[in-house]
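Visitor: The numbers in our numbering rise by one with no breaks, and the one at position 75 of the sequence shown is 56. Quick reminder that beta carbons are idealized off the backbone N, C-alpha and C, glycines included. One structure coming up, written as structure tokens, with questions to follow.
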Amino acid sequence: MVCPHADSSYFASSGQASKADIYEQLLEQAKGLVTGQRNWVHLPSHPTLQPPPHKPSHLTHIQPSNLSNIASLLWHAYAALPPPSSSVNWAGFYIRQDKFPQPASTTSSSTTEPPENLLLLLLGPFQGRPACQEIRFGRGVCGAAAEQRQTVLVPDVHAFPGHIACDASSRSEIVVPVLVGGETVAIIDVDCTEPSGFDEVDRKYLEELAALLAECCDW
């Protein structure tokens, strides 16, 4: 197994690279970190925890979490950019509840997904302050992106109907769904303390990152 190296989080300073350049570097570093690693979560080898029914049993061994490493990359990438990108105060993931490993006693042989109005997003790996632990599909910016299965870019969170204020200092937000088979399995969530902190460049590259995660992880 190739161990991830901290050097992957070093990004060129804003005076030397554009935002697009930083994102291109992030994507290249992300591809390197996820190579040979299929787990989105750090899954312990424990007899009472079982992976989702479709996941091969050999993946119950301890492996690095792809989403943890990617959250770190995002955090350091934004810190390397000028404002407003450097004012990002939260970057991470929420994952659909039924994608988490389940206790063996509650594992069902059925792979039927719950109705969408009952779907929950649970807090995943992130960088930043403590956050809301669960968000229902359709609620807030994260829930809207998950339910609509498309990116939601919000210049002013105070103007977004039903915004969930996990951190009162957040002023703008972008949420990108990770889609597998046309269904939302997770979302990338990035918050900024400045209004209009995100633009179409962020949308483009975060959607590319979401596509990479959809492909490289066993959901």
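(1) In whole angstroms, what separates the C-alpha of V166 from that of R77?
(2) Can you pull the DSSP bridge partners for A167?
(3) Can you tell me which of V182, Q114, A195 puts its alpha carbon nearest to the alpha carbon of S(-1)?
(4) For the alpha helix (DSSP H) that contains R184, what are its first and last residues?
(5) Name the two residues that bound the continuous beta strand (DSSP E) containing I3.
(6) State the DSSP-derived secondary structure class of G109, mapped to helix, strand or coil.
(7) Exposed or buried, what is K80 when buried is set at 16 or more other beta-carbons lying within 10 Å of its beta-carbon?
(8) When the Cβ atoms of the segment 61 to 69 are set against those of the segment 161 to 177, are three or more pairs found closer than 8 Å?
(9) How would you write the range of the beta strand (DSSP E) that V122 sits in, first residue to last?
(10) Does DSSP put E100 in a helix, a strand or coil?
Guide: To lay it out plainly:
(1) Rounded to the nearest angstrom, the gap between the Cα atoms of V166 and R77 is 5 Å.
(2) Its beta-bridge partners are I76, V159.
(3) Nearest to S(-1) by C-alpha distance, out of V182, Q114, A195, is V182.
(4) It spans 181 to 197 - the alpha helix (DSSP H) in which R184 sits, taken as one unbroken run.
(5) First-last for I3: 0 to 15, but that is the alpha helix (DSSP H), not the beta strand (DSSP E).
(6) Here G109 sits in strand by DSSP.
(7) So K80 counts as buried.
(8) The segment 61 to 69, when compared against the segment 161 to 177, does touch it at the 8 Å Cβ threshold.
(9) Run containing V122: none in the beta strand (DSSP E); it sits in the alpha helix (DSSP H), 121 to 129.
(10) It is worth fixing the name first, because residue 100 is Leu in this sequence and not Glu. Under the three-state reduction of DSSP output, L100 falls in the coil class, being neither helix nor strand.
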